[in-house]
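Contents: one structure, followed by commentary.
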Amino acid sequence: MSRLEAKKPLLFISEPLNKDTVSQSLSLLTGILKSCYGPAGRLKQLHNGVGGYVCTTSQSSAILSRLSVSHRVLSVLMASVQNHISRFSDCGLFTAILCCSLIENFKSLNVAPCTVIKISKHLLSLCMDYLKSEACGCRIWVDFSSVETLLCLVRSILTSKPACMLNKTEVDHLSTLILKAFLFTVPCHVESNAVLGKCVIVPVKGRRVVDSVVLPGLLIETPEIQLAKPPTVKRTCSNMIRIALFCVSMSGDGFNPEEGTITVHHGISIETLELNQLLNVGKQLVNDEVGLVVCQKVIHPSLKQYLKENRVIAVDRAGLSLMEPLSQMTGSKPIASVHLLSPSCYGSLKDVRIESFASKHFVHLIPNDTVVCSLILCNRNETAWDELKRTCETAEHVLQLTIKEPLALLGGGCTETHLASYIRHKSCSLSTSTFRDLDCSRTQYQLVADGFCRSLESVACSLNHDEGEILTDMVYGHCWFVPSGFPSVSNWSDLVSKCGCGINGNTENLNWRLLQGQFDSPAIQGCPRELSVKVVDFLTLDCFAAKCSGLQVALETANLILDLSYVIEDQN
Amino acid sequence: MKTCRARAAGLCAPLPRSLGPAAPRPAAAARTRSRRLSLTARRRGAVPVRAPGGRGGAAVAMAARPELGRLAQEAAALAGAVRGALGPRGGRALLVRPGGEALLTRDGRRLLEALSLEPPTARMMAACACSHRAATGDGAKTFVVLLAGVLGGLREAGGGGLRRALRAFEARVLERAVARGLRRHLRALGGRQPEWGALEALLEAYLGGRLGPGERRPLARLCSEYCRRCAPAAGPRPQVLRLLGRRFAELHAAVAGLPVASSRILPGLVLRRDFAAYCPAGGELRAVLVTEALRPTLSAPGTEFVVDSEGQYQASLCWITQRTEALMKRLQRNSVKLLLSSVKQEEVVIHYAKLYGVSVVECLSLEEVALICEITGVSPYMPFSDNTDGEITETAVATFCQPLLLGSKRCVHIGFTSVCAFQPHCLILCGPVEGVNEQHAAALQGAFTMLQQLFKTVDRREEHQGEGESQTEALDVCSWHSSAIQKQLVTEGISCNSNQVSERQLKAHRDETETQIVNPGLQGSEYPACVQTDLQIPSNLILHIKEFDVASEGDGSSRNVQKQHAKCEHTSNMHEDHRSDSPVVGQKNCSMAVSATHNVNAVTVCERLGVGKDLEKTSCNIVPSKHEKSCVSITQNYSDALIEAGSVLPVGGYFEILLHYYIQYYAQQVEQSEVAVISNVVADALLSIPKSLYNTTEQNSFTKFYLKAIHSLRKNQPLPVNEKGLELVYCKYQLVISVLHCVTELLSIDLIIGIKRPLQKNEDYDSEDDF
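Quick mapping for you: the protein sequence lines, in order, are chains A and G.
Residue numbers 1 to 572, in UniProt numbering, belong to the letters of the first sequence in order.
Residue numbers 1 to 771, in UniProt numbering, belong to the letters of the second sequence in order.
Rendered as structure tokens:
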């Protein structure tokens, strides 16, 4: 007889968004995310309560993956932002905050969700059309012939992660290194479909950040190599170093697991056979003038000794992750059999050196064509290093995205406020046929557009964690931060010096107004003007692709959650 | 909107009371566990039943008599549960499975399944709705709403005694209303070869009931573009649509974390794994498909390899390597640049493939292999079976083969050259979360099923003229067993979705249940046992279609009987079978052009008829006479069809309003009061659908819509339509028929008997492949 288990009833929640628990969790999550945002964001310490590793961070990728939410509806939001991060690495907090405030703003409107979704989709298409048009006033072209804009982009990413604990010199040093590392990975000779190389981050913890360095080629850690006696490497006639790359084990245990039985007669040692075969391979390698042997797995000590005696450097346990860049860099094909060696598998290197950082020894492989490089990344402690590594990866990813689409958006909240003022202006001048298409009234449209703009502005506001006021100007629609401690009714032009992104100075009267307060009818707002292109040294920039996608994902996720009319949960 | 949402919530409320698993079930279950052989009355009106000697003395445990009130209440609760997701303004549901994974859906079938219903009759309603959905790709939610309407109406009209009149209603009122009333309003999508533009209107309306408001239009556009690229011929073809529906899992790839707007169509196929070896090759290339490991092994399972000398072992290993190399050389000689393998290959194979410039893709699923075979017409290559020098014949041609980055995953993108009508294209679906992509994929797969209904017609079964009356009655008896036979419903404890139980199981059930039947005197000889599985076979039309191969013989014979009767009136009846969607290309091609002109003519004739208010004459009687000289047989074909292939109506309750109006109109001409009562019940129930659709809006209320529509119908003006979307009348009509059959079935149940033998649950309703 089957075991009878008490069956739990099905949880059927209709209108989940109207539940208090959801609203509370949502506002808590919004609070956490907003407080992390930007260069002045507050750090979060994540720990599991039983000791061990503690993570200090303000990055969405670290926080969202570790936070558990009580309600299913919110896990949709979290999953969505995490997916965005895995695609773009950047703008995770922007997406999350925007999504939360869109939900809160739209929920408070007294408009049917279906209508809200239709209108907000239309607003999004307005935004996207604007961002992709030439007339867009909040984006700039990235000029790849000079490094200025690229440095600004990298610097903005580094400064927006306060948990890396970097000072200004360190930021400058690191942004140069990251950019250098990225430029190494761009192939010199571009064919029809160019593939970017790879930058491998080598961890060195416990050193100063300024000790970090970028080297062309790869570093493989080899604890056994003595620094005192650097080996001389055998070179071929063309002064190159020939390299053989093995992806099979060379330890002599090379039995392939076969399904049948293999019977070995007495007196025959398969192990000896294997070893002899390995030594034969060694002989052939020496004959073929191979100077360096790299094996993904283990090399038998006898073979190693043999190779050493013949002045061939043998490096084993390279690991799977290095195989692809190794093969890419040297042009060698990983050898998968120790039985037949083909000379066409060999690759070549310009030089091999022995390097040491902190207490670690590395073999440094220097290729002819540098599409692969190593970034030796130093930071004082484990936590800060982890944060820094994530940041460097983000920066590298952003640079890759930027090379595909050479555009950048103005950072420091300026894109958000600029877009908001564009939408406010645009939504006043729509024709009635638009409303008919959307099956809504003008008032409804205005309400939703206002909610949308307020959500965008609230992201800009989250950059400010002090008491100070946040302004926007009526000319360019940029975002301005007033230092805290000044009364709110004062002459704004005395207090502000530069807008959030740093492109505008306080030169003309820009007709500021408070961003969050009550303001006059939005109808008087003109279309935000486009800036004359001027290159300023310290601009704050954001990744165009990541922010555009983040904007769309945030709105789609918010719509998804607003559209939920019930949750059916099987609790068994 | 707040109010309407609240109303939806209110309608949901009865669910836990009457349907939830917290029903009195646990107590009853516990009782039956302790006293296995005892008979327990479960509900009011239950009768103790003793089986006449079941196997090993196992007896029927519980029995209950279903009541109409109870049925109506259950159906209403079900309708309340799905109504929130109905129509273009419905919301989404987030389903959380026991494992914790979340699923976003608006699909009626998924919702009904997720409710994990307890009462057997409710489960049967859900099963009927789901099987209707599986057959037509649409309408599970509407089914439940309509069913609730009909059952509620019947309860108010005075109970289950009207059951017999349902059949008469269908024959005498419903068909007449469709043939003489509704037909005039139908638009034809160009018969056998609909245009692409209309496809988008159909898709948008369909997706409106399935996706969020912001997604339906881009997805409909994408889907119709996809169909267009996959079948570049003049219009959508049934075989291409069928392939799309069947193989959609392999024909799309999903990327989470990107906006929906990034979804796109790529030429060729995308295999969702990386190359094991990639050697760039420009231009056209040849590919082979293998299903076995290419590296020979020393010993196979069950064999033994004896190593008797070192040299021999060494030589064997060398031989293996050489053999692998030789094979790769051979591929290179035959200019094969791509190796597609369904199994994982050894490192050596990959190594030599790289050396000889052959790209390798491993671990293809069986479905992917089947799809590639289907598109390219090749069969897997057997490397060791034939002579090793000859040319490799089984090669597919690809125009390109390159890596593709989807999200952060590297995939293989191959442009196969097709040998069939289907041009391979891959749909890349993007959405912020996995759940959205799944929802989109499921909706599109359903859409392909729906589009296949474009090519189906509804046959006119009989002419119901005065003298035909007696024949109709006779036919009723032979094809409508459920109305004549009292049935017993055996509930199997776990599930009622047993319509796909294998033959063997079914037989076993029959054997066992036969002994449990209490009153065998009622059974006809043909249907010895009325197990629940059997119950659905004879009466439900959809199940007829579904189990076509199994039941085709019996079905065909009964149809022949019908045909003979029909021949009394239509002597020149040549047409055999409209409903079977057999791809006889020749017949289709020759009838295509004629059908188009015919359709136009038919419509004009019908309109003229409508103006003349000569409703008593059916259009089908006139049309043949007009075309007698040119194309008698073909027009005959169409005159036989009640609803022609590709007939559409604007979406948004127009079908229901029209049918409502004409049912009431023709009900006045029926003498039998019972049929008239049924007509009113069904006509009113039909309105429950537009009611649910329109009551969720602020501006267009139902009353306004209803009055406008009825007003213009009375004045014989065209209906005021402001919807661009279209829906298939075939699907809608089938829905009404299925609901009526489901009602008849429910009312025919005499007893609900609980048994204790577990029954395997078969979750998959989607077996649209087999018809």
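We put the CB at the ideal spot given by N, CA and C, even for glycine.
Helix, strand or coil for residue i? Go by DSSP, reduced to three states.
i: A/Phe486; result: coil
i: A/Pro325; result: helix
i: A/Ala111; result: The amino acid occupying residue 111 of chain A in the given sequence is Val; Ala does not appear at that position. Here A/Val111 sits in coil by DSSP.
i: G/Lys409; result: strand
i: G/Ala231; result: coil
i: A/Tyr566; result: strand
i: G/Phe400; result: strand
i: A/Phe246; result: strand
i: A/Asn559; result: helix
i: G/Arg286; result: strand
i: A/Val214; result: strand
i: A/Ile178; result: helix
Below 8 Å on the Cβ atoms is my guess for residue i versus residue j; work out the distance and round it to an integer in Å.
i: G/Val290; j: G/Ser341; result: 5 Å
i: A/Leu463; j: A/Gly502; result: Wrong, their Cβ atoms sit about 13 Å apart, outside the cutoff.
i: A/Val293; j: A/Val338; result: Rounded, the Cβ-Cβ distance is 12 Å, inconsistent with contact.
i: G/Lys691; j: G/Phe702; result: 5 Å
i: G/Val729; j: G/Val648; result: 6 Å
i: G/Leu162; j: G/Ile678; result: 6 Å
Let me see if you follow: with CB-CB separation under 8 Å, is residue i close to chain G or not?
i: A/Thr263; result: yes
i: A/His71; result: no
i: A/Arg442; result: no
i: A/His465; result: no
i: A/Val105; result: Correcting the residue type first, residue 105 of chain A is Asn in the shown sequence and not Val. Chain G contact via Cβ: absent.
i: A/Tyr445; result: no
i: A/Glu556; result: yes
i: A/Pro113; result: yes
i: A/Lys253; result: It is worth fixing the name first, because residue 253 of chain A is Asp in this sequence and not Lys. So, not an interface residue.
i: A/Leu375; result: no
i: A/Ser75; result: yes
i: A/Gln328; result: no
Between the Cα of residue i and those of the options, spot the shortest distance and give me the residue it belongs to.
i: A/Glu15; options: G/Gly725, G/Asp308, G/Leu735, G/Gly84; result: G/Gly84
i: A/Ser146; options: A/Leu322, A/Thr30, A/Leu183; result: A/Leu183
i: G/Leu174; options: G/Ile643, G/Gln312, G/Ile265; result: G/Ile643
i: A/Val290; options: A/Phe94, A/Val22, A/Gly347; result: A/Gly347
i: A/Ile225; options: A/Asn379, A/Ile140, A/His364; result: A/His364
i: A/Leu560; options: A/Gln59, A/Arg72, A/Trp480; result: A/Arg72
i: A/His361; options: A/Asn572, A/Pro203, A/His418, A/Ile470; result: A/Pro203
i: A/Ile403; options: A/Leu307, A/Ala545, A/Cys499; result: A/Ala545
Any beta carbon from chain A within less than 8 Å of residue i's own beta carbon?
i: G/Arg757; result: no
i: G/Gln668; result: no
i: G/Thr321; result: yes
i: G/His413; result: no
i: G/Tyr654; result: no
i: G/Ile428; result: no
i: G/Ala114; result: yes
i: G/Leu659; result: no
Beta carbon of residue i: closer than 7 Å to some heavy atom of the ligand NAP?
i: G/Asp274; result: Inclusion of the ligand NAP in the displayed structure is not the case, the ligand content being empty and no account of it being possible.
| message | Report the start-end ranges of each alpha helix (DSSP H) in the region 121-206 of chain G that is 4 residues or longer and not cut off at the edges. | response | 140-157, 163-169
| message | Which complete beta strand (DSSP E) runs does the region 634-714 of chain G hold, if anything under 3 residues is left out? | response | 641-643, 647-650
| field | Segments assigned beta strand (DSSP E), at least 3 residues, entirely inside the region 108-166 of chain A | value | 139-141
| Enumerated in chain order, which unbroken segments of the beta strand (DSSP E) with a length of 3 residues or greater are wholly contained in the region 264-300 of chain A? | 290-295
| Start-end ranges of the beta strand (DSSP E) lying completely within the region 300-377 of chain A, minimum 3 residues | 313-315, 347-349, 351-357, 360-366
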